[in-house]
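Working notes, beginning with the structure itself.
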Amino acid sequence: KSDTGMRFSIKNGGDEQQIRTTQALAQNQWVHVAVTIGAEGAKLYLDGEMRGSNANVNIKPSEICPVFNYIGRSQFPADPYFKGRIDDFRIYNYVLTAEEIKAIADMTDAVKGVQTAKSSMQSNDVYDLSGRRAQPRTKGIVIRNGHKILK
1192 KSDTGMRFSI KNGGDEQQIR TTQALAQNQW VHVAVTIGAE GAKLYLDGEM
1242 RGSNANVNIK PSEICPVFNY IGRSQFPADP YFKGRIDDFR IYNYVLTAEE
1292 IKAIADMTDA VKGVQTAKSS MQSNDVYDLS GRRAQPRTKG IVIRNGHKIL
1342 K
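For the sequence shown, my numbering assigns the number 1192 to the initial residue and increments by one for each residue that follows.
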């Protein structure tokens, strides 16, 4: 497409609701992307900073009966796939605050430490992006060792 910004879209039968930004993802470096959806609409964050919002997004992810769920891929064949790596993917059943998103984004500086720490990790433990053992969240969905875990 001609635009180089980021876009978040959600649809449940009717019109697509979305957030568009002019901010493109940086190449050849780790970035943190987050989206929240709540009573105040949807917000899109890049590296802990809000880059776009849409107060008219009112589709709740819990209301969707999905057919296609992609990360890094569009449902439209003409759209290119995401060319990069995804290190961490989380879904929460509540809206994270801007401060929580910033704290998570700030941990991405240590992502290289995970490569050396993985050998000592046990499959039932939860680790942050720096490879340190972390307190498990009491709510949400966590992807651990490639498996979705509902909390």
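Ideal placement from N, C-alpha and C gives every residue a C-beta, glycine not left out.
Check	Outcome
Residue closest to residue 1230, alpha-carbon to alpha-carbon, out of 1199, 1198, 1244, 1224	1244
Best match in 1268, 1267, 1249 for proximity to residue 1206 [C-alpha to C-alpha]	1249
Backbone CA spacing between residue 1283 and residue 1252 [nearest angstrom]	11 Å
As assigned by DSSP and simplified to three states, the class of residue 1231	coil
C-alpha distance - residue 1237 paired with residue 1265, whole-angstrom precision	20 Å
Same chain only: Cβ atoms within 7 Å of residue 1216, ignoring 5 sequence neighbours per side	1197, 1222
Length of the line joining the Cα atoms of residue 1199 and residue 1224	10 Å
Exposure of residue 1201, with buried meaning 16 or more beta-carbon neighbours within 10 Å	buried
Neighbourhood of residue 1211 by C-beta, 7 Å cutoff - its chain only, sequence neighbours within 5 removed	1196, 1198, 1243
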